Amino acid sequence: MGNVTLNVKGMSCGHCVKSVEGSVGALDGVDQVKVNLDAGQVDIAFNSEKVTLEKIKETIDDQGYDVE
Ligand SMILES: [Cu+2]
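The opening residue of the sequence shown carries number 1150 in the numbering used here; numbering runs sequentially from there.
Have a look at this one:
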């Protein structure tokens, strides 16, 4: 198990929350994903044997947001 908080730039509304939580949440191995819009952060609980942090970052990036 892994827990990580990522700083993500460009999330500004409910749509952004949905696309990030939806896409990351759909990854095999991701147990929980929660966007904190005000802080510009994404809390993720994942199984590092099933999914890499790199893959998670890539998925957020693919939605059009910048992971710091
Ligand atoms: Cu938005």
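All C-beta atoms, glycine included, are put in the ideal place defined by N, C-alpha and C. Computed from a prediction, not measured in an experiment: that's the story for all the values here.
For residue i, three-class secondary structure by DSSP
i, result
"T1208", "helix"
"V1216", "strand"
"K1199", "coil"
"A1194", "strand"
Terminal residues of the beta strand (DSSP E) in which residue i lies
i, result
"V1184", "1179 to 1185"
"G1151", "1151 to 1158"
Candidates the options, of which the one nearest residue i by Cα
i, options, result
"Y1214", "Q1181, T1201, G1189", "G1189"
"D1177", "M1160, L1202, D1210", "L1202"
"D1187", "C1162, T1154, M1150", "C1162"
Limits of the unbroken alpha helix (DSSP H) element including residue i
i, result
"G1163", "1163 to 1174"
In chain order, what are the residues with a CB under 7 Å from some non-hydrogen atom of ligand 1? Counting only residues whose CB is nearer than 7 Å to a non-hydrogen atom of ligand 1, the list in chain order is M1160, S1161, C1162, G1163, H1164, C1165.
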